[in-house]
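Asker:
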Amino acid sequence: RQIRRSSLSRRIRVCRHDTIRELLKCHSVRLQFNEASPLSSWRQQQAGEQQKALTFQCSGYARTLAGTGAVTLLDAAAFRDFADEATRLFGAPPPGGCTQGLVIPVGDRSTSHCLLTAYPAEEVTERHRASMESLRRQLDATCSRLIRLASMGFSGSGGRAPATAAADGGALASTPTAAGSAPLLQSDCHPILALCGELYDQDSEHLQLKVIKYLKNRINCETGFLLLVSQDRAHVFCQVVGDSILPDQIHIGAHMNFFETMIESSKSHYLDDLPQEQLADIQSVLGDSVSIRSLLCVPVTSRGASQVVAIACMVNKLSSADFSPVDVDVIHECFRYTSTVLTSTIAFQTERMLKNQTQALLQVAQNIFRKLDDLTVLLREIMAEARNLTQAERCSVFLLDRETNELVAKVFDGLPTTSNEKEVVQRKILLSDGTEIEQPVEIRIPATHGVAGYVATKGELLNIKDAYSHPLFYSKVDEDTGFRTRNILCFPIQDEHGTIVGVAQLCNKIKAAHFSTFDEDLARAFSVYCCIAIIHSLMYKRVQAAQARHQLATELMTYHMHVPERAVYDLANAAVRRLDEFCPHFDQFVSVPRDIVEADSCSAVVQMFDDLKLTKTWRIRRTTLARFVLLARKGYRDPPYHNWSHAFSVAHFTYLCLKNLRLDKCLTPLEYFSFLVASLCHDIDHRGTNNSFENSSGSALSGLYSSEGSVLERHHFSQTVCILNREGCNVFENLSEKEYSAVLDIIRDIILATDLAHHLKIKSEIDAVAESGPDWSKQQHRYLMLCLLMTASDLSDQTKVWKNTRQVAKLIYQEFFSLGDKEKSLGKQPAEGMDRDKADIPQLQVNFLNIIAAPVYKAMVKVWPAQCSVLTSQIDRNVSNWRIIGQKLSSGEVQRCDATIFESRLVPDDE
């Protein structure tokens, strides 16, 4: 294929006649070539011997005009001063004389190659000058490309391309021409110029299609593709293979491997140079349809940044066995003209994506700020948005608990977690696809451990490209869950002062080797919205809690907290009585505390403190103890069962355990003291409901404690602390600050142990310790035994004689049925034991005693066999009595109604 070298210069001449006259009316337009420029000889060869090309010597006045490098407008005075030289450049002036002249110098960076001169026929305005200046810049670029073609080897009158190019089978192959004819340019220009003219797309994928098609034709190979280098230079990615745009980008890591070496060295490589691992990566890009026989990988360098921006990969040479250095030159020459267009387009796409992401962030802000009333819902919304923005597989968010210096996972993998407190029962979650799963347990980790701990401590974003190679990554979690973590993006959630509120962690970038610097910037911007939302949500929650506490405090102050000083004085100074005067066998397990007259119950409590020597040991003032007992009694409401009588019975059984089981030899002095106080207050301010009802009804108590579990038990503990904080009521006033703090922890644990859900959760641990025998020197063993004894005290009515058990059961079901009626009024179906229309009381009692109560006392028998066997014997008799009543109901001997079930005549009372 032969070339007419003057094709571009002919285009410059066309500008003289067409373009300039479109921009400005002119009398005449002349194009003159610098005699020292290659364009001058090309123009002369095209004109032939019969016509001489217009040329000028770049000296004098012409040199001055050419050297300006800008459009110049000459006035009449300039023509007069340089009349002869102006005439040579502009030609004869138009009829009527000349008042102005226009000069447009055309050249490359170092040389002026030609001058366009004209006599304007109209006044030249600023708009005309701007248009002419734009034309000049385009002509400068055309000249630069033309001179570049000369350096590629396009010769003089023969017009043949270099032999090497022809031999390579490229676009410059020789073809026969008629004798004496001038060489021809295919499509009137060189293919590289045609390619440049086609690079007008605004997306990089279509630009790549055209460049790859050009290279395939020039090099004569089967297919090819570009591996674009990411901004952080940590991976390469492919968007186009051959003549197809991939539906999803293919990402390949470029960290400590062959691709990183190629990016840094900027050297080309052939098939034999590639390691097997990177060859497999390239094969994954091509797919199964192409088998690699020969391969050429050439780094593409950006002319502006002087760094590798892509790797051009050409596959399977067709005209020979392998690629040659000439092919490398063709690729370099191609990207000398096209790399800037490609990089600029990619940069434009990135900016457009950034704009879209900014708009998405604003939408995210609107979404999350609507969820401030519920922290869990807010965190779920935050992580869902973060996962969508960064295209991550999994996400979790940790809030920093400064009191314990722990990171707490309130949301894990997009699901809300439940507290890991021992008394909390794990709940089920219904997913959107209808699948029911267990709610994840709240995760707590030290704020200095692992990836999240590092980010929380340092306040720095951490982008881990390979999780298993990072020293902070803990792989045991993957082993336990079966999930494979490939990469992690972990960023701090902090306010404008740098205070860490929490940490967000994203795992496994989808359709990419790892998270990019773009994801990092997005995370930093997103964390600002997260922090603002979380802080306001926590503040809103505190305000709600304060309002609920205020409401409860007002209610309690109105209903409860007033004890006449006369009553305190009378109790403090009451005569000391023998314990047997309160009831027979007062200090033995067979005693029945409900037989004690209620008016004597407070005096009995005071004497229990005295008998256990607590008053003397801890130097409790008499008035302080009296006021505490009276306020505790006042703190109980009057439901059928959970009232002061129940509290006194439980405290009495605790007294029996402390005395008869010689717990002063087993427990610490603080545990010994706290046990009796906790049992006395364990159900204070009970409303005759249960935790399930409080949560489902959305009560004030639920608003305070639902997130922690054991709503009622936590309220009982809170009210106990309120009484202790009242002036003149703190029976622990002589303890040190450290001892008092320890006592409150013990009382809290003991009261929380009265939640049967908590008891069932730790039952296996209790049984194991009871079976082997507790080691009282171990705090955990003492804790489990205290939980066992507190549950035994709470259920102690079931260990009393049948008359007491029967009467207590009647009170219990009155309270249960009242609660069931409340649930029905709210449109809810109560449990069978609380539905007066469905409850089979005898069978319910048999089940409760066998499944719940009996195992508690059997565990006590294993630890204290001599003292506690009487308890299990009485439970067995009570179970037998309930079965007898059940049989009479089944046989129709008695009517199935509450009144008859609890009558004494059905089963005789114990002797």
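If you read the sequence shown in full-length UniProt numbering, its first letter stands for residue 1, the second for the next number, and so on. The beta carbon of each residue, even a glycine, is placed where N, CA and C say it ideally should be.
Looking at C-alpha atoms only, which residue of L906, K665 and C221 is the closest neighbour of S291?
Answerer: When only C-alpha atoms are compared, the closest one is C221.
Asker: V576: buried (16+ other C-beta within 10 angstroms of its C-beta) or exposed?
Answerer: Counting Cβ neighbours within 10 Å, V576 comes out exposed, since fewer than 16 surround it.
Asker: Which of the three DSSP states, helix, strand or coil, is assigned to A118?
Answerer: A118: strand per DSSP, three-state reduction.
Asker: Using only the alpha-carbon positions, how far apart do F323 and K267 sit?
Answerer: Computed Cα separation, rounded: 15 Å.
Asker: Starting from T72, follow its DSSP beta bridges and name the residues at the other end.
Answerer: Answer by DSSP bridge pairing, in chain order: V103.
Asker: What do you get for F483, buried or exposed, if any count of 16 or more other CB atoms within 10 angstroms of its CB means buried?
Answerer: Label assigned to F483: exposed.
Asker: In terms of residues, what are the limits of the beta strand (DSSP E) holding C313?
Answerer: Where C313 is concerned, the enclosing beta strand (DSSP E) stretches over V308 to K317.
Asker: Could you say if the segment 696 to 709 and the segment 725 to 738 meet the contact criterion of at least three C-beta pairs nearer than 8 Å?
Answerer: Segments in contact, no.
Asker: Which stretch, first to last residue, makes up the beta strand (DSSP E) that contains I250?
Answerer: Per DSSP, I250 belongs to the beta strand (DSSP E) from S244 to G253.
Asker: What first and last residue would you give for the alpha helix (DSSP H) that runs through T125?
Answerer: It is not in any alpha helix (DSSP H) - T125 carries neither H nor E in the DSSP assignment.
Asker: Quick one: using the 10 Å Cβ neighbour count with 16 as the cut-off for buried, is R542 buried or exposed?
Answerer: With fewer than 16 other Cβ atoms within 10 Å, it is exposed.
Asker: Quick check on this structure: which residue in L506, G450, T340 and K465 has the alpha carbon closest to the alpha carbon of A392?
Answerer: Measuring from the Cα of A392, the nearest candidate turns out to be L506.
Asker: Determine the direct distance from the alpha carbon of I331 to that of T142, and round the result to whole angstroms.
Answerer: Using only the alpha carbons, I get a separation of about 21 Å.
Asker: At 3 residues or longer, what runs of the beta strand (DSSP E) sit wholly inside the segment 207 to 239?
Answerer: List check, beta strand (DSSP E) in window: 221 to 229.
Asker: Give the range of the alpha helix (DSSP H) segment to which Q276 is assigned.
Answerer: Unbroken alpha helix (DSSP H) run through Q276: Q276 to L286.
Asker: I'd like to know if L849 contacts chain B, where contact means its C-beta is closer than 8 Å to some C-beta of that chain.
Answerer: The structure shown contains no chain B, having only a single protein chain.
Asker: Thinking C-alpha only, which one of A831, N487 and A753 is nearest A795?
Answerer: It should be noted that the sequence gives Leu, not Ala, for residue 795. The residue with the shortest Cα to Cα distance from L795 is A753.
Asker: Of the choices G450, E460, V455 and P492, whose alpha-carbon is the least far from that of F473?
Answerer: Nearest option by C-alpha distance: G450.
Asker: Looking at the unbroken alpha helix (DSSP H) that takes in H646, where does it start and where does it end?
Answerer: Taken as a continuous stretch (DSSP letters only), the alpha helix (DSSP H) holding H646 covers W644 to N660.
Asker: Hey, could you find the ends of the beta strand (DSSP E) D401 is sitting in?
Answerer: It spans A392 to D401 - the beta strand (DSSP E) in which D401 sits, taken as one unbroken run.
Asker: Could you tell me the alpha carbon to alpha carbon distance between G703 and A548, rounded to whole angstroms?
Answerer: C-alpha separation (whole angstroms): 7 Å.
Asker: Going by DSSP, what residues sit across from K509 in a beta bridge?
Answerer: BP columns for K509 point to A392.
Asker: In this structure, how does DSSP classify P865 when only helix, strand and coil are distinguished?
Answerer: It is helical.
Asker: How would you write the range of the alpha helix (DSSP H) that H682 sits in, first residue to last?
Answerer: Run containing H682: none; DSSP gives neither H nor E here.
Asker: How many whole angstroms separate the CB atoms of P593 and S649, which I take to be in contact at a CB cut-off of 8 Å?
Answerer: Between S649 and P593 the Cβ distance is about 5 Å, and since that is below 8 Å, they are a contact.
Asker: Judging by CA-CA distance, which residue of L400, Y655, A545 and Q843 is the nearest neighbour of F586?
Answerer: When each option's Cα is compared against that of F586, the closest is Y655.
Asker: Check whether the Cβ atoms of L31 and L102 sit closer than 8 Å, and answer yes or no.
Answerer: No, these two residues do not count as a Cβ contact at 8 Å.
Asker: Hey, out of Q307, I596 and Q276, whose CA is closest to T340's CA?
Answerer: Comparing Cα-Cα distances from T340 to each of Q307, I596 and Q276, the minimum goes to Q307.
Asker: Taking all protein chains shown into account, decide if L215 is buried (16 or more other Cβ within 10 angstroms of its Cβ) or exposed.
Answerer: Looking at its Cβ environment, which holds 16 or more other Cβ atoms inside 10 Å, L215 is buried.
Asker: Would you tell me roughly how many angstroms separate the C-alpha atoms of A83 and Q231, rounded to the nearest one?
Answerer: Spanning the two alpha carbons is a distance of roughly 59 Å.
Asker: Relative to the C-alpha of T799, which candidate in K824, W776 and M860 has its C-alpha closest?
Answerer: Answer by Cα proximity: M860.
Asker: Around the Cβ of R293, are there at least 16 other Cβ atoms within 10 angstroms (buried) or fewer (exposed)?
Answerer: Exposed, since its Cβ has fewer than 16 Cβ neighbours within 10 Å.
Asker: Hey, how far is the Cα of G69 from the Cα of I219?
Answerer: Near 39 Å, if we compare the C-alpha coordinates of I219 and G69.
Asker: Determine the direct distance from the alpha carbon of T343 to that of R486, and round the result to whole angstroms.
Answerer: When rounded, the distance between both Cα atoms is 30 Å.
Asker: Q426 to I884, Cα distance in whole Å?
Answerer: The predicted model places Q426 with a pLDDT of 45, which falls under 50 and marks its position as unreliable; any figure quoted below should be read in that light. For Q426 and I884, the distance between alpha carbons rounds to 37 Å.
Asker: Going by the beta-carbon positions, is the gap between L612 and I620 smaller than 8 Å?
Answerer: Not in contact: L612 and I620 (Cβ atoms no closer than 8 Å).
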